[in-house]
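For the sequence shown, the working numbering assigns the number 3 to the initial residue and increments by one for each residue that follows.
All residues carry an ideal CB built from backbone N, CA and C; glycine is no exception.
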Amino acid sequence: MPRPGGPRGRVPEKSKDFKGSMKRLFASLKRWHVLLIFSLILAMTSAILALIAPNKLSDLTDTITLGISPKMDEETINGIMSNPDISNDDKMQFKQLLDGMDESSTDNSKLLSELDQLPTSIQDIIRPSIDMNRVRNIAILLTVLYLISALFSYIEGYAMTVVSNNFAKQLRSRISLKINKLPLKYFDNHETGDVLSRVTNDVDTIAMNMNQSLTTLVTSITLFLGSIIMMFITNWIMAITAIVASTIGFGLMGLILGKSQKYFTQRQVELGNLNGYIEEIYSGHNVVKAYNGSKQAKKEFEALNDKLFDCNRKSQFLSGLMQPIMGFVGNFGYVAVCVVGALLTMNNSISFGVIVAFMIYVRLFTNPLSQMAQAMTSLQSTAASSERVFEFLDEIEMSSQEKLTKYLDKNKVRGEIEFKNVRFGYDEKRTIINDFSVKAKSGEKIAIVGPTGAGKTTMVNLLMKFYEISSGDILIDGVSTKELTRENIHDLFIMVLQDTWVFDGTIRDNLKFNREEITDEEIWQACKVVGIDHFIKTLPGGLDCVLSDNDAISQGQKQLLTIARGMIENAPFLILDEATSNVDTRTEELVQKAMDKLTIGRTSFIIAHRLSTIKNADKILVMKNGDIIESGNHEELMAKNGFYAELYNSQFEL
């Protein structure tokens, strides 16, 4: 069973033109450029404030450190020895204490233990004291910096949420308008799931990633570059130490990521294969059971499951190493900074506060690298999704109707339709309708029959202007459909198709679709003619019963509802495209009678494979390979004993 080529077996696409896609994406954000730039400036400012804070924290640390140590600098000692207010005995006692200490030592603990034994005059000078005013000022400044940074982050997050959600709303609105302007040919060539994915998944991906990735990228770049600058400004030796230590860790992480990428890619492929196979088997579950294919299905499932297990095991193991490695990078940087910082502190090259600042800078330096990688991955996904959305928005639309001024009032239409030498093909190489000509008089019932692929439904689509004809013309009461808007043409027709369409809502809403003025009495009358009134009365709530996809309503009952919906519509033309194909023989007879009533006073086009349903048609057109090969009523065609007679008689052959 082929799966890799299916929609579930496809590896997620990367952007084909990342730069071009992002350029167009930002151009589409023109309406919110001011708010977007404002958000990015706030994100950058918030990061800058976070970079200023470590140096202020260093000052606070140094202030406290100096405050808890005796004042034993050279200037203070010289000041004591030269102070005339201090007695010679006190100076001598102080000198003896200094002589008892190692000249190269700064044993503050010994000083603190003997401080109480020193004279009061000297104690007052060298006693430790913290400058609380400075501490308070720095603490207030740090608090203000962090609060402003948090406030900017909050405002930036709110602004980006506004931008991303409004942009997503605009995209959905544009897509909704675009869908109504696309020709039916587009939907014939594209899977419904693919179109829905562009409207839902791709738009959500753009909104979510844009909300998170842009500001994350700006903040991370600012923190990364800013931390490097601030480290070199503070101390170049410590800066090189921190960068080298972190680079070693990131080199190891990059090596592992390079090895693991192939397993992540293969995992997506195997996951798509497994999901596709499960979908196939469950959608054809009855066939698998009927042909005793359970063992074979299970065997293939196990094989696919084992492949996915192997890829999962390898990819998750390697991805699980990322967090420990990130922890190692940070901790290794801390250790390197502390060791080198201790050596520099011993040499009085830096203060202890510088070490504290660098420990924060190491974190500000390492974290942004992983965040930038994640942000770039998200932006790649955003670019790929935007390409799919813009590709949809760039699709060729149906021809403009702005210059079409002619209008047919459905209450005044006579009901004549003429096909004049109509030729049509989905592309230049494939012609479906060669030279179709027929004239339907007012009130006539025209049946179109023929084998599958003869062009029956295509003729109806051309009549409804779902497709533009290649050559020839279609006239309604002598007016070319080329001169009428599609809305005007659609307003002239009632359509009951083979494919039923019942949306989530009440039966009343389904029956009076787009016709708010219809009364319940008119609805019941139409249901009675079709013969579905009894079924509706048995449902809880009657017309107020809510239908959904989970309701146990048969295809035949849904078809009867769509037929009743068509009967409620008051239009001069009627199209029945295999309208009775989903009902049983007895119901078909009732529906046929209802259809006979529906066709009274209307020009009708009936497409049917059950030829017994169109025996009473005024004219039967027999199509084959895009041409009319026979025409006439039932008796005339049977008398010819031609292709129609062959089709008709084949219904009764075993």
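Within a Cβ cutoff of 6 Å, which residues of the same chain sit near residue i, ignoring the five residues on either side of it in sequence?
i      : result
Asn643 : none
Ser664 : Since the first residue of the chain shown is 3 and the last is 656, residue 664 is not available in this structure.
Ala449 : Ile608, Ile616, Ala619, Ile622
Leu366 : Leu225, Ser229
Arg390 : Arg200, Asp204
Ser48  : Ser151, Phe154, Ser155
Ile478 : Ile419
Phe421 : Phe438, Ser439, Val440, Ile476
Report the rounded CA-to-CA distance for residue i versus residue j, giving the unit in angstroms.
i      : j      : result
Leu410 : Glu580 : 28 Å
Phe96  : Thr122 : 11 Å
Asp506 : Ile177 : 22 Å
Ser388 : Tyr279 : 29 Å
Thr163 : Asn213 : 6 Å
Met597 : Pro574 : 14 Å
Arg510 : Thr521 : 10 Å
Leu594 : His611 : It is Gln, not Leu, that sits at residue 594 in the sequence shown. About 14 Å.
Gly335 : Thr67  : 24 Å
Arg174 : Val36  : 22 Å
Ser60  : Arg138 : 14 Å
Lys539 : Glu518 : 22 Å
Ser151 : Ile79  : 44 Å
Glu470 : Leu464 : 7 Å
Ser606 : Gly634 : 15 Å
Ile88  : Met94  : 10 Å
Ala241 : Thr249 : 12 Å
Phe667 : Ser482 : Only positions 3 to 656 of the chain appear in the structure, and residue 667 is not among them; the question remains open.
Thr218 : Lys58  : 25 Å
Gly22  : Leu320 : 33 Å
Asn135 : Val165 : 45 Å
Leu494 : Lys414 : 10 Å
Asn333 : Tyr265 : 29 Å
Val290 : Thr454 : 29 Å
His192 : Asn277 : 21 Å
Leu549 : Ile630 : 42 Å
Tell me which residues share the same chain as residue i and place their Cβ nearer than 7 Å to its Cβ, disregarding the 5 neighbours each side in the sequence.
i      : result
Phe252 : Val331, Leu371
Gly457 : Ile434, Ile435, Met625, Gly628
Phe20  : Gln382, Ala385
Ile525 : Arg510, Leu513, Lys514, Leu545, Ile570
Ile50  : Thr224, Gly228
Asn167 : Ala209
Since residue i contacts residue j with CB under 8 Å, what's their CB separation in whole angstroms?
i      : j      : result
Ile208 : Thr368 : So it is not a contact: roughly 30 Å between Cβ atoms.
Met232 : Leu53  : 5 Å
Gly480 : Arg425 : Incorrect: roughly 21 Å between the Cβ atoms, too far for contact.
Val451 : Leu578 : Contact flag wrong, Cβ pair sits at about 12 Å.
Gln268 : Cys313 : 5 Å
Ile140 : Thr65  : 7 Å
Ala161 : Ser41  : 4 Å
Gly445 : Arg567 : About 22 Å; that fails the 8 Å criterion.
Leu562 : Leu600 : No, Leu562 and Leu600 are not in contact; Cβ-Cβ is about 13 Å, not under 8 Å.
Leu31  : Leu38  : 6 Å
Asn55  : Glu158 : A small fix is needed here, since residue 55 is Ala in this sequence, not Asn. Incorrect: roughly 18 Å between the Cβ atoms, too far for contact.
Leu323 : Glu272 : Contact flag wrong, Cβ pair sits at about 21 Å.
Residue range of the alpha helix (DSSP H) that residue i falls in?
i      : result
Lys291 : 287-292
Ala573 : Note, Ala573: premise wrong, no alpha helix (DSSP H); not H, not E.
Ser155 : 134-183
Glu638 : 636-642
Ser444 : No alpha helix (DSSP H) contains Ser444, which DSSP labels as neither H nor E.
Phe354 : 354-395
Within its chain, find whatever has a CB closer than 8 Å to the CB of residue i; leave out the 5 residues flanking it on each side and keep chain order.
i      : result
Glu399 : Lys180, Lys183, Leu184, Pro185
Glu105 : A caution first: Glu105 carries a pLDDT of 47, below 50, which makes its placement in the model unreliable, though a value can still be read off. Closer than 8 Å at Cβ, skipping near neighbours: no residue.
Met640 : Tyr646, Ala647, Tyr650
Asn350 : none
Met361 : Tyr336, Val339, Cys340
Glu397 : Lys180, Leu184, Tyr188
Thr502 : Gln557, Lys560, Gln561, Leu563, Thr564, Asn584
Along the beta strand (DSSP E) that carries residue i, what are the first and last residues, could you check?
i      : result
Ile622 : 621-626
Asp506 : Counting along the chain, Asp506 falls outside any beta strand (DSSP E), and DSSP gives it neither H nor E.
Glu470 : That residue, Glu470, is in no beta strand (DSSP E); it is neither H nor E in DSSP.
Phe421 : 419-429
Met497 : 495-498
Thr605 : 605-609
Indicate whether the contact test is met: 3 or more Cβ pairs, each with one atom in the segment 328-345 and one in the segment 175-186, closer than 8 Å. no
Do the segment 79-90 and the segment 140-148 meet, that is, are 3 or more Cβ pairs less than 8 Å apart? no
For the segment 481-498 against the segment 522-530, are there 3 or more C-beta pairs whose distance is under 8 Å? no
Count the C-beta pairs between the segment 422-434 and the segment 506-526 that are closer than 8 Å, then say yes if the count reaches three, no if not. no
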